[in-house]
Each structure stands twice: as structure tokens, then as C-alpha cells.
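Here our numbering is used: the first residue of the sequence shown is 2, the next is one more, and so on.
In this text, a Cβ means the ideal position worked out from N, Cα and C, and glycines have one as well.
In this text the structure is predicted, and so the values were computed from the model without any measurement.
Read through the structure below, which is laid out as C-alpha cells, and then see the notes.
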Amino acid sequence: MHSSAIFLIEFGAIILGLGLLGRFAGRFQFSPIPLYLLAGLAFGQGGLLPLDTSEEFVAIGAEIGVILLLLMLGLEYTASDLVSNLKTQYPAGLVDAALNALPGAAMALLLGWGPVAAVVLAGVTWISSSGVIAKVLGDLGRLGNRETPVILSILVLEDLSMAVYLPIITALLAGTSLAAGSITLAIALGAAGLVLLLAVRFGRHISRFVSSDDPEKLLLVVLGLTLLVAGIAQELQVSAAVGAFLVGIALSGEVAEGAHNLLAPLRDLFAAVFFVFFGLHTDPSSIPPVLLPALVLAVVTAGTKIATGYWAAKRAGVSVKGRWRAGGTLVARGEFSIVIAGLAVTAGIEPSLGPLATAYVLILVILGPLAARYTEPVALRLTGQRGKSAPASGTPAEGEAPLAEAKEAVDDQGTVGRS
């Protein structure tokens with residue numbers, strides 16, 4: 002009875018603290034992820050008030066948080082959207098992977114961590130934070146801008162790549178043989194392909210089967226189906242997160258919208274628990290030794306993300322201002338970087354990988370919204386493109402300047418009727 006009371010006190014304090022931190026972050030309009038990570042550091046090994054009784058329950062909640070993060074991500078896209086993005090935007094996805102994964106792999110090798118840690122750190126630096134970026138786009142009023150579809154396409158391709166990447170690192174971290182790893186990857190790809198095929202051809206029937214006018218029944222069916230598929234995927238040595246992502250893709254229409262609305266509070270709760278859990282397993286004293294590599298990696302990969310967004314937006318015919326905005330918006334890293342690093346921490350491959358990932362995400366989740374807001378004006382000022390105007394003399398060009406500026410404004414902000 003005594004231990005039960007301590008558990009309730011500890012877990013209640015965690016949830017209350019997360020709520021207050023989230024409210025604080027919302028008041029100042031920045032992502033609460035760094036505060037959740039700091040809370041985990043405070044309650045974890047070497048922290049101010051280490052947890053004892055509730056740690057096992059927090060671990061289960063963290064696993065549910067990862068599953069819900071990936072499920073909600075899958076609900077954002079239909080199978081046809083994913084197929085269309087694969088066909089039209091795959092060059093941008095390849096450039097994104099090359100520019101942003103290689104610095105992480107190179108840093109791990111330079112630190113002498115070995116090839117498995119290199120593959121893990123490559124994923125940490127590669128994947129942008131869909132959650133932070135979506136919030137930034139909404140806060141800055143850029144959802145209808147010309148560059149926004151480019152940004153979303155890159156995010157979709159990154160999310161799709163998780164279906165391949167996660168099984169690979171799961172096999173590597175488990176130390177399976179090449180043959181066993183190949184089988185795992187084949188199963189993952191086969192499952193992803195099958196789900197996409199079923200979603201494209203029979204998506205309406207699947208959604209009709211899951212659909213219910215009663216919110217309680219809809220919540221129970223979607224959540225139960227997701228956990229069941231995630232568990233089966235994990236039993237087959239495929240990431241549970243990939244299974245949840247595929248369930249989200251298979252649902253569409255009103256069912257996806259209804260499930261999204263019902264599951265959003267649960268996702269936010271358990272995702273916050275997940276970030277705390279990651280911090281719990283990171284000793285604060287282990288961060289200072291890796292702070293310099295994390296800072297170097299953050300600066301380099303912020304630059305490579307800006308270059309990725311600029312190139313992809315230029316390829317799509319977006320104006321110069323929109324190209325810089327696209328690049329700056331992609332800088333933020335967050336939930337997926339921590340998910341990937343969390344797998345490595347659980348496997349115990351490299352003690353310093355968790356602290357490095359924590360410091361890296363803390364830097365970029367704070368820098369990301371600032372980069373989204375200020376990359377464009379700073380870049381235009383540095384390149385000398387800001388403040389250009391028509392000639393002062395009474396030439397025909399004087400009357401043409403306003404038209405050019407108006408066209409640039411339309412290119413930047415999108416077309417008439419945007420949402």
C-alpha cells in the first residue's frame with residue numbers, strides 16, 4: 002500500500018509538472034519538448050529528485066507515446082498522397098537524406114563509436130520534427146504559402162523512410178546476422194507495400210469497418226487495433242512504431258479525422274511521458290563532455306537542412322524568399338530524433354549517444370522556430386537582395402517595379418483562395 006501511494010504521488014507530480022511546463026511553453030510560443038527533456042534529466046539518474054516506484058510505469062507510457070506519435074502521423078496522410086509524393090518529390094528526399102544523414106554518421110565515426118552508432122546518429126540528424134514544424138507553420142501563418150507543399154513533401158518522404166529505416170536499425174541493434182536482418186527488412190517492406198495497396202484499393206471498406214458514430218467505440222477500436230498491430234509488428238522483429246504508422250495510413254476520411262481528434266490528447270500526454278522517460282535515462286553529468294560535438298553537429302545540420310529546403314523549393318519554382326523560408330522551417334529536430342536515439346539507448350550500444358542526442362535536440366528544437374522566422378530576412382540581407390528598388394530616375398522601369406514587387410508577393414504568399 003505504501004509503494005502504491007508513492008507511485009501515485011510520483012506519477013501525479015510528473016503529469017502535473019508536464020502540464021505546467023506545457024502551459025509555460027505555450028505562453029511564450031515555443032515547443033515544450035526541451036522542457037520535457039529537462040524534466041526527465043531532473044528526475045533521472047544523477048538528477049535533483051530521482052524516481053523509484055513509478056519508473057517502470059513511465060517506461061510503458063513512453064512506449065505507448067511512440068506508438069501514438071507514429072499513428073497520428075499516419076493519420077495525416079492518405080495512401081494516394083504518399084504514392085503521389087514518392088513519384089514527384091523523391092529527388093528532394095534523396096538530397097535531404099544525403100545532406101543530413103551523412104554529418105551524423107561522420108560524427109559518430111570520428112568519435113570512434115563504430116558503424117552501428119553511425120547508422121543511428123545518421124537518423125537522428127536526418128529526420129526533421131514534423132510536430133514542431135507543423136506548429137511553426139501555423140503560428141507564422143504560412144500554411145498557404147507556395148513553399149509549404151515542398152516542406153510537407155519532404156516531411157512525408159522522411160516519415161515514409163522510417164518504415165524502412167526503423168527495421169534496419171532494430172536489426173542492427175539486436176545484433177542479428179545479415180540474413181536475419183534482410184528477412185526483417187523484407188517483412189517490413191512487404192508489410193508497408195501490402196498496407197499501401199490495401200489502403201489505396203480498399204481504404205473505404207477498412208474505414209467503414211472501423212467507423213462508429215459513438216466516439217467511445219471509435220476510440221477503443223482504433224486504439225486497440227493500433228496496439229494489436231504494433232505488438233504483432235514487434236513480435237516479427239519489425240518496429241512497433243512502423244506498425245502504428247501503417248495503421249494510420251490505412252484509415253482515411255471521416256474516420257481518420259475523428260480518430261485524430263479523439264487521440265490527440267492521449268498522444269500529447271504519452272508523448273510528453275516519452276520525452277521525460279528519455280531524459281530519465283540520461284545522466285545530466287554526461288552531457289557537458291558531448292556538448293561541443295552536439296553544438297558542431299547542430300550548426301552543420303542546420304545549414305544542410307536550409308540547403309535542402311532551398312534546393313527543393315527552387316526545383317518547385319518557388320521564389321527566392323520562399324526558398325529561404327523553406328530551408329529555415331526544416332531545421333527543427335525533435336520527436337523522431339529522440340525515438341531513434343531511444344532505441345540505441347535501450348540497446349546499450351554507446352553510453353554517450355543518448356546525452357549527445359539530448360543536447361543536439363535541445364539545441365535544434367530551440368533554434369528551429371528561430372530559424373523558421375529569421376532565415377529569410379538574414380539571408381536576403383547577407384546576399385544583398387533586401388531593399389532593392391527601382392531606379393530613382395523617371396524611366397519606364399520606375400513604373401514596372403511595383404508590378405515586379407506585387408508578383409514577388411504573390412509568389413511568396415501563394416495564390417488566391419489559399420487556406
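Sixteen is the threshold: when 16 or more other Cβ atoms of the shown chains lie within 10 Å of the Cβ of Gly323, as they do, the residue is buried. Leaving aside the five residues that flank His261 on each side, the residues in its chain whose CB is nearer than 7 Å to its CB run, in chain order, Met73 and Leu76.
If you look at Ile34, you'll find it in the alpha helix (DSSP H) that goes Ile34 to Phe44.
CA-to-CA, the gap between Thr126 and Ser213 works out to about 40 Å.
In the structure shown, Thr149 adopts helical secondary structure according to DSSP, grouped into three states. In summary, Gln90 is buried, with 16 or more beta-carbon neighbours lying within 10 Å of its beta-carbon over all protein chains present.
When Cβ pairs closer than 8 Å are counted between the two stretches, the stretch 103 to 122 is seen to touch the stretch 158 to 177, the count reaching three or more.
Counting only runs that start and end inside the stretch 80 to 157, there is no beta strand (DSSP E) element of at least 3 residues.
Distance between Ala295 and Ser208, taken at the CA atoms: about 44 Å. With contacts defined by Cβ atoms closer than 9 Å, Ala241 and Gly232 form a contacting pair.
Secondary structure note for Ile341: its alpha helix (DSSP H) is the uninterrupted segment Glu336 to Ala348. Minimum Cα-Cα distance from Ala333 among the listed residues Val321, Val291, Ile7 and Lys306 corresponds to Lys306. Annotated three-state conformation of Val319 is coil, per DSSP.
Collapsing the DSSP output to three states places Gln30 in coil. At the C-beta level, Leu219 and Leu263 come within 9 Å of one another.
Taking a 10 Å sphere around the C-beta of Val291, we find 16 or more other C-beta atoms and assign the residue as buried. Per DSSP, the continuous alpha helix (DSSP H) segment holding Val256 begins and ends at Gly254 to Leu281. The beta carbon of Val96 sits closer than 8 Å to the beta carbons of Thr309, Trp312 and Ala313 from its chain, once the five residues preceding and following it are set aside; these are given in chain order. Per DSSP, Ala231 is one residue of the alpha helix (DSSP H) stretching across Pro216 to Glu236.
When DSSP states are grouped into helix, strand and coil, Glu57 belongs to the helix group.
Thr149 sits close to Leu138, with the two beta carbons spaced by under 9 Å. The beta-carbon distance between Gly41 and Phe271, rounded to whole angstroms, is 14 Å. This is too long to meet the 8 Å contact definition. With fewer than 16 neighbouring CB atoms inside 10 Å of its own CB, Phe29 falls in the exposed class. Distance from the CA of Leu39 to the CA of Gly280, rounded to the nearest whole angstrom, comes to 7 Å. Distance between Ile367 and Ala93, taken at the CA atoms: about 25 Å. Apart from the 5 residues on each side of it in sequence, Val340 sits with its Cβ closer than 6 Å to the Cβ of Val67 in its chain, given in chain order.
For Ile367, the uninterrupted alpha helix (DSSP H) run begins and ends at Leu354 to Leu383, by DSSP. Cα atoms of Leu110 and Ile7: separation of roughly 44 Å, rounded to the nearest angstrom.
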